[in-house]
Amino acid sequence: MKKPKAGERRENASIGPEETTQQQWLERNETQPPLPAHVPEWIADLVQTARAGDIHEALNDSARIVPKVGKDGKPPRYSAVLVLLSDAESVDAVGECDETKATLEDSPFPENAALLLTHRAATMRNHSGQMAFPGGRREPQDRDAIATALREAWEETDLDLESVAPLAVLQPVYIDRTNFAVVPVLAYWKTPHEVHPASTENDWVRMVALSHLTAAEHRFRVGFMEWSGPAFRIGDRLLWGFTAGIVDSILRLAGWECPWKDEPVVDLFHALEESSNGEALQSMKKQFRAAGPQGGAP
């Protein structure tokens, strides 16, 4: 894609040779992308599992199954996110200097292994202040979920699309509070480069070390009403909800998960108040309560 001038990012990114219907987009997602000639050994098993398996077996949350229609009677809207892994020594990852690195002698992944995450600006209308994968809603010019995830990552972080090797398209995962179905796209960053908040959607874009995400001291469980889910501390920010559920599932599918205590469950809003996420807590509580006894799947 041609690098846009200031203020032209989304307009230029939206230009495509043809429009794709949602049904075409969904059907194309059923075909896995061709694998590159070389898949790093440390992610090979994860890639095969992701291509042949079902992310819902790892999520183990019935609220994440995509329904035909949401509670408002409307069909879900679709989006895609990029789950981008890297092992380059040149990448400066958050948590890379943790004491947990000393325990990596027998680690199943390289010392420099990391995952791309963003922090959504507090000014955003949806999911403001949340830690997230780069990604967003399907647009008519997107051929499939890979195209959606890559386009959105380019818009949000200035990611060079040629630097990414898509590896697997996972099953759609439901977010009932917004009636969105999100398709995670697993990819490998073969030629990393500098990324940054390239739009007003995000105010933080970083690789986060897998050694940090797998460390028990950074993991716990949050809950509100009858809903609960995994969470991760990343500095003074809190990773929770949909994104934390996918990260947790990826760690387990890959065999990278270390034992951690998921009890007691920490009150979600207490944890968010102590974080620097800047999420809209009062409106979020209303959404939880409106979603029903389980509080919704954020």
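Residue numbers (our numbering): 1084 to 1381. Think of the CB as a built atom: it goes at the ideal place given N, C-alpha and C, for glycine as much as any other residue. Since this is a predicted model, take the numbers as computed values, not measurements.
- Classified as exposed, R1372 has fewer than 16 neighbouring CB atoms from the shown chains inside 10 Å of its CB.
- Where I1258 is concerned, the enclosing beta strand (DSSP E) starts and stops at V1256 to I1258.
- When DSSP assignments are scanned along the region 1276-1322, the uninterrupted stretches of beta strand (DSSP E) that are 3 or more residues long and fall wholly within it turn out to be 1285-1292, 1302-1307, 1310-1317 and 1320-1322.
- Only buried fits P1275, as 16 or more other CB atoms lie within 10 angstroms of its CB.
- Straight-line measurement puts the Cα of Q1365 at about 14 Å from the Cα of D1350.
- Between M1290 and L1199, the CB-CB gap stays under 8 Å.
- Each residue's CA atom was taken as its position, placing R1203 and Q1213 some 5 Å apart.
- Spatial neighbours of S1211 in its own chain (CB-CB distance under 8 Å, excluding positions within 5 residues in sequence) are listed in chain order as R1203, A1204, A1205, G1361, E1362 and A1363.
- Annotated three-state conformation of M1214 is strand, per DSSP.
- Rounded to the nearest angstrom, the gap between the Cα atoms of P1123 and G1156 is 44 Å.
- The alpha carbon of I1148 has as its nearest neighbour, out of I1333, Y1257, G1338 and S1169, the alpha carbon of Y1257.
- Per DSSP, the unbroken alpha helix (DSSP H) holding A1337 starts and ends at G1324 to A1337.
- Here the alpha carbon of V1247 sits roughly 10 Å from the alpha carbon of L1269.
- DSSP places V1130 in the helix class (H, G or I) of the three-state scheme.
- Between W1339 and G1306, the alpha-carbon positions lie close to 24 Å from each other.
- DSSP places H1353 inside the alpha helix (DSSP H), whose first and last residues are L1351 to E1357.
- For P1217, the closest of N1262, A1380 and L1168 by C-alpha to C-alpha distance is L1168.
- A direct Cα-Cα distance of roughly 12 Å separates P1267 from A1327.
- In the displayed model, L1364 falls within a helix according to three-state DSSP.
- Secondary structure at F1371: helix, using DSSP grouped into helix, strand and coil.
- Of A1163, A1196, E1140 and S1162, the smallest CA-CA separation from A1176 is found for A1196.
- The C-beta distance from H1121 to Q1254 rounds to 26 Å, too long to meet the 8 Å contact threshold.
- Contact annotation, P1223 with T1297: C-beta distance approximately 39 Å; criterion of less than 8 Å not satisfied.
- For R1316, the closest C-alpha among the options F1263, A1354 and S1282 is that of A1354.
- As computed with DSSP, P1249 is found in a beta bridge with A1270.
- Looking at the DSSP output, S1162 shares a beta bridge with R1220 and V1265.
- Checking the DSSP bridge columns, you'll see R1203 partnered with N1285.
- Residue burial is scored here from C-beta neighbours: N1285 has at least 16 other C-beta atoms within 10 angstroms and is therefore classed as buried.
- When the beta-carbon positions are compared, V1130 and A1292 stay at least 8 Å from each other.
- Bridge pairing for V1177: V1291 [DSSP].
- Excluding its 5 nearest sequence neighbours in each direction, S1173 has C-beta neighbours in its own chain below 8 Å: P1275, listed in chain order.
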